[in-house]
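Participant: Got a structure for you, questions after.
2 protein chains.
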Amino acid sequence: MKPPSALATLIDALRALPGVGPKSAHRIAYHLMQHDRPGAERLGNALLNATSSLHHCAKCNTFTEADICETCADEERDASLLCVVETPADQAMLEQTMTYKGFYFVLMGRLSPLDGIGPREIHFDRLMKRATDGAVREVVLATNFTNEGEATAHYIAQALKARGLAVSRLARGVPVGGELEYVDAGTIARAVLDRRSV
Amino acid sequence: MKPPSALATLIDALRALPGVGPKSAHRIAYHLMQHDRPGAERLGNALLNATSSLHHCAKCNTFTEADICETCADEERDASLLCVVETPADQAMLEQTMTYKGFYFVLMGRLSPLDGIGPREIHFDRLMKRATDGAVREVVLATNFTNEGEATAHYIAQALKARGLAVSRLARGVPVGGELEYVDAGTIARAVLDRRSV
Ligand SMILES: [Zn+2]
Ligand SMILES: [Zn+2]
C-alpha cells in the first residue's frame with residue numbers, strides 16, 4: 001500500500017527542507033493535507049513566486065526583486081564605506097544598530113574549503129569589483145567571529161589591502177565563536193564603533 | 001530594511017509547517033533561496049498539486065486522487081471485515097503485518113474534546129454508514145492505545161454494538177501508551193491475531 005502519487009511526491013519534495021528526514025516529511029505532509037490546506041497552498045505559491053522573482057542585487061548580492069535592492073538604491077548612504085557580511089540576516093542586524101550608514105556586500109556564505117565553498121561561491125570577484133569602484137575608501141569586514149568567518153575576513157582583507165584599500169574589522173565586542181544573528185544589538189553597536197584597521 | 005516582498009511572503013508562509021517559528025522560517029527561506037531553488041520549486045509544485053488533487057476516499061476516508069482508493073477498490077479483500085484506524089500511517093503499518101485482509105476506515109484523527117475534536121471531526125457518521133452497509137460483520141478497532149485512542153475506540157464500539165455489529169479491539173500486545181506507527185510489525189501482527197471482542 002503506497003500513498004497516492006501526489007502525496008508521495010509531496011513527502012519526497014518536503015525533504016528539501018533543512019533537517020527534514022523521511023519520518024518528518026510524512027508527518028508534515030499529512031498534517032498539511034488534514035489540517036491546513038489553505039496554508040499548504042499559500043506556501044506552494046510563495047515558494048514558486050520566490051524562486052521565480054528573487055535574484056541577486058547587481059551591487060550588493062543580496063536577494064531582491066528589482067535589479068538593485070532598496071539599500072543600494074538609497075542615495076543618503078555614505079558611498080565611501082562598504083560593509084561585508086555573510087548573510088542578509090547579518091546585514092539586518094547591523095542595520096538595527098543604526099551605527100553604520102554605508103553600503104553592503106552580502107557574501108551569501110563564508111569560505112569553507114572542506115564543504116567545497118571557495119572564493120567563487122562567496123562571489124569574491126564581484127566583491128573585488130564592487131570595492132574598487134573608486135568611491136569606496138574603507139571596507140568594514142563584518143563576517144562572523146567563527147573560525148570560518150575569521151578565515152573569510154582574513155582572505156578578503158589580504159586581497160583588498162593588496163589593492164590599496166583601507167580595511168577594518170568589527171571590534172571583538174562580539175563574543176568569540178558568536179554569530180551576529182544571535183547577538184544583541186548593543187554589543188554589535190559597540191563593535192561597529194570600535195572597529196579596528198586590519 | 002525589510003526583506004523583499006516575495007521573501008517576506010515566503011517566510012510568513014513557511015509558518016504553516018508544524019513547529020516552525022519566525023526564526024526557523026527565516027533560516028529555511030534563506031537556505032532554499034541560496035542553496036536549493038530547484039528543491040523549493042519542486043516543493044512548491046508538490047504542495048499545489050497535492051492540495052488540488054488529493055481528497056478523501058468515498059469509502060474509507062483516506063487520501064486518494066481517485067474517487068475510491070486502491071485499497072477499497074481491491075476485490076480480493078474480505079468485505080465482512082472493517083478495520084478502523086486513526087491515520088493512513090497506522091493503516092500502512094497494519095498492511096505491513098500481512099495479518100489483515102479486510103477493508104479500512106481512516107478516522108484522520110482521534111476524539112479529543114479538549115482540542116475541539118469531536119465525532120464530526122473523525123467522520124463518525126460516515127463510519128457508521130460504512131459499517132452498516134450490510135456486508136461488514138465485524139469491525140476491528142485499531143486506534144492507538146493512548147488515552148485518546150482508547151476513548152475513541154470505546155465511543156465507536158458503543159455505537160456499533162447498539163447497531164448489532166460485532167466489534168473487536170486489537171489485543172494488548174501493543175504496549176500501553178504506544179502508538180502503532182512506532183511499534184514493530186511483529187508486535188502488531190500478534191495483536192491482530194489476538195484481537196478480542198469488546
Ligand atoms: Zn543591493
Ligand atoms: Zn478507500
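Respectively, the protein sequence lines represent chains W and H.
Each residue of the first sequence is one higher than the one before, starting from 1 at the first, in UniProt numbering.
Each residue of the second sequence is one higher than the one before, starting from 1 at the first, in UniProt numbering.
Beta carbons: idealized from backbone N, C-alpha and C, even for Gly.
Note that the coordinates shown come from a computational prediction; the quantities given were computed from them, not determined experimentally.
1. Since L141/H sits in a beta bridge, which residues does DSSP pair it with?
2. Is the beta carbon of I11/W less than 8 Å from the beta carbon of P4/W?
3. Counting only C-beta atoms, is M93/H closer than 8 Å to chain W at any point?
4. Let's see if you can read the secondary structure: which residues bound the beta strand (DSSP E) around V106/H?
5. What is the DSSP secondary structure of T132/H, reduced to helix, strand or coil?
6. Less than 8 Å between the C-beta atoms of G109/H and E95/H, yes or no?
7. Helix, strand or coil for A66/H, going by three-state DSSP, please let me know.
8. From A135/H, I188/H, L7/H and F63/H, pick the residue whose C-alpha is nearest to that of T99/H; which is it?
9. Compute every distance between the C-beta of C72/H and the non-hydrogen atoms of ligand 1, then say whether any falls below 7 Å.
10. Quick test of the definition: if touching needs 3 or more C-beta pairs under 8 Å, does the segment 131–140 of chain W touch the segment 150–165 of chain W?
11. For I49/H versus T51/W, is the C-beta distance shorter than 8 Å?
12. Is any beta-carbon of chain W found at less than 8 Å from that of Q158/H?
13. Indicate the three-state DSSP secondary structure (helix, strand or coil) for I117/H in the structure shown.
14. Is the CB of F103/H under 8 Å away from at least one CB in chain W?
15. In or out: R42/H buried (at least 16 other Cβ within 10 Å) or exposed?
16. Going along the chain, which residues of its own chain have a beta-carbon closer than 6 Å to the beta-carbon of A73/W, five neighbours each way excluded?
17. With 8 Å set as the bound, which would you pick, yes or no: does the beta-carbon of D36/W sit closer than that to a beta-carbon of chain H?
Facilitator: Let's see:
1. Taking the second sequence and counting its residues from 1, one reaches residue 141/H at position 141. Beta-bridge pairing links L141/H to V84/H and R169/H.
2. The residue labelled residue 11/W in the question sits at position 11 within the first sequence. The residue labelled residue 4/W in the question sits at position 4 within the first sequence. For I11/W and P4/W, no; Cβs fall outside 8 Å.
3. As a first step, residue 93/H is located in the second sequence; it is residue number 93 there, counting from the start. It does not: the Cβ of M93/H has no partner Cβ on chain W nearer than 8 Å.
4. Within the second sequence, numbered from 1, the residue matching residue 106/H stands at position 106. V106/H -> beta strand (DSSP E) spans G102 to V106.
5. If you number the second sequence from 1, residue 132/H lands on position 132. Of the three classes helix, strand and coil, the one that applies to T132/H here is coil, per DSSP.
6. For the purposes of this step, residue 109/H is taken as the residue at position 109 of the second sequence. For the purposes of this step, residue 95/H is taken as the residue at position 95 of the second sequence. No, the pair does not count as a contact, with Cβ atoms beyond the cut-off.
7. Here residue 66/H is taken as the residue at index 66 of the second sequence, counted from 1. Three-state DSSP puts A66/H in coil, outside helix and strand.
8. Locating residue 99/H in the second sequence gives position 99, counting from the first residue. For T99/H, the nearest C-alpha among the options comes from I188/H.
9. As a first step, residue 72/H is located in the second sequence; it is residue number 72 there, counting from the start. No - ligand 1 has no heavy atom lying nearer than 7 Å to the Cβ of C72/H.
10. yes
11. On the second sequence, position 49 is the one that residue 49/H refers to. On the first sequence, position 51 is the one that residue 51/W refers to. Before going further, note that residue 49/H is Asn rather than Ile in the sequence given. Not in contact: N49/H and T51/W (Cβ atoms no closer than 8 Å).
12. On the second sequence, position 158 is the one that residue 158/H refers to. With 8 Å as the cut-off, Q158/H does not count as an interface residue toward chain W.
13. As a position in the second sequence, residue 117/H is number 117, starting the count at 1. DSSP places I117/H in strand when its eight states are reduced to three.
14. Stepping through the second sequence from its first residue, residue 103/H is reached at position 103. Judged by the 8 Å Cβ criterion, F103/H is not in contact with chain W.
15. Working through the second sequence from its first residue, we reach residue 42/H at position 42. Buried.
16. Looking up residue 73/W in the first sequence gives position 73. Excluding residues within five positions, none has a Cβ falling inside 6 Å.
17. Translated into the one-based positions of the first sequence, residue 36/W becomes position 36. Chain H contact via Cβ: present.
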